[in-house]
Amino acid sequence: MARKFFVGGNWKCNGTSEEVKKIVSVLNGGQVPSPDVVEVVVSPPFVFLPEVKNSLRPEFHVAAQNCWVKKGGAYTGEVSAEMLHNLGIPWVILGHSERRAILGETNEFVGEKVVYALSQGLKVIACVGETLEQRESGSTMEVVAAQTKAIAEKIKDWSNVVIAYEPVWAIGTGKVASPAQAQEVHNELRKWLAANVSPEVAASTRIIYGGSVNGANCKELAGQPDIDGFLVGGASLKPEFIDIIKSAEVKKSA
260 MARKFFVGGN WKCNGTSEEV KKIVSVLNGG QVPSPDVVEV VVSPPFVFLP
310 EVKNSLRPEF HVAAQNCWVK KGGAYTGEVS AEMLHNLGIP WVILGHSERR
360 AILGETNEFV GEKVVYALSQ GLKVIACVGE TLEQRESGST MEVVAAQTKA
410 IAEKIKDWSN VVIAYEPVWA IGTGKVASPA QAQEVHNELR KWLAANVSPE
460 VAASTRIIYG GSVNGANCKE LAGQPDIDGF LVGGASLKPE FIDIIKSAEV
510 KKSA
């Protein structure tokens, strides 16, 4: 089953109004494959979501970097899925390792967030990944499977879910999982989905890679059979993000 290449840009806690305008200008002027070949979603900080959504070329979409697990109410500082849907924001990133590590979000909490966001009409980029200590101890798949299981136990329809495998040791460090390392985990994740959810979900769900992806390494990574795209951090703020989007052509030609 063909899976459309997916490139997400996570801007994290970066940007001023002027910087955001420059990034959007680069994206709007970039020559990239057609929407039939690649789906592009960028994720600015909350305060810039409406501005970016309204100024970005129509075939590019936006994602929030998080949302709350319940309907709005007495939750100071949170943003609800209902609010995002009301603004016409189609995507949300959930379970990013920075939130797991800094804010203590558990697998179960992330699973609850995913199912609630889906119930409110959002599409979800669900992040999973192991720390360096966990990789060195040989427990990568145990960790990633547990994170995925917490989501799989709560949802029935996977059509609006993209899994982002982001090894924590590769995020913002300049270290990148080798194409073989990334492919191995993606393949094992797909096998886990086939065994624990269904072969159909395993075949159709996009599993993207995140962790120091840049213009220099994206093509080799994109050539791996089970890597369906990227969730890009720092490089999504730079012109080379266009080159990363173009790596979808590698998958198309394969």
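Residue numbers 260 to 513, in this note's numbering, belong to the letters of the sequence shown in order.
Idealized CB from N, CA, C, for every residue including glycine.
By the criterion of at least three beta-carbon pairs nearer than 8 angstroms, the region 403-414 is in contact with the region 367-374.
In the structure shown, the three-state DSSP call for glutamate 298 is strand. Membership of glycine 267 in the beta strand (DSSP E) is indicated by the continuous run 264-269.
Boundaries of the alpha helix (DSSP H) around lysine 312: 308-314. Taking a 10 Å sphere around the C-beta of tyrosine 468, we find 16 or more other C-beta atoms and assign the residue as buried.
Note on geometry: alpha-carbon atoms of proline 349 and leucine 381 lie some 5 angstroms from one another. One Cα belongs to isoleucine 414, the other to glycine 397, and the distance between them is close to 28 angstroms. When the beta-carbon positions are compared, valine 296 and phenylalanine 319 stay at least 9 angstroms from each other. By the CB criterion at 9 angstroms, asparagine 313 and valine 491 fall outside the cutoff. Between asparagine 419 and leucine 391, the alpha-carbon positions lie close to 30 angstroms from each other. Contact between glycine 488 and phenylalanine 264 holds, with the beta-carbon distance rounding to 5 angstroms and staying under 8 angstroms. When the Cα atoms are used, threonine 365 and glycine 274 turn out to be separated by approximately 28 angstroms. If you draw a straight line from the Cα of methionine 400 to the Cα of isoleucine 422, it comes to about 14 angstroms.
In the same chain as arginine 465, and ignoring 5 residues on each side of it, the C-beta atoms closer than 6 angstroms to its own belong to Arg262, Phe265, Val421, Asp487, in chain order. Glycine 370 sits in a helix when the DSSP states are folded into three classes.
In this model, cysteine 326 and isoleucine 504 are separated by some 26 angstroms (Cα to Cα). Our two residues, tryptophan 417 and valine 460, have alpha carbons roughly 7 angstroms apart in a direct line. For tryptophan 350, the secondary structure class from DSSP, reduced to helix, strand or coil, is strand.
For leucine 452, the closest alpha carbon among the candidates His355, Leu496, Ala404, Ala441 is that of Ala404.
By the neighbour-count criterion, in which 16 or more other beta carbons inside 10 Å mark a residue as buried, glutamate 298 falls on the buried side. In the three-state DSSP reduction, histidine 445 falls in the helix class (H, G or I). Pairing asparagine 455 with proline 498, the inter-Cα distance amounts to about 40 angstroms. Exclusion of the five residues before and after serine 463 leaves Met260, Arg262, Trp417, Ser418 as the residues of its chain whose Cβ lies within less than 8 angstroms of its Cβ.
Annotation for histidine 344: the continuous alpha helix (DSSP H) segment containing it runs 340-345.
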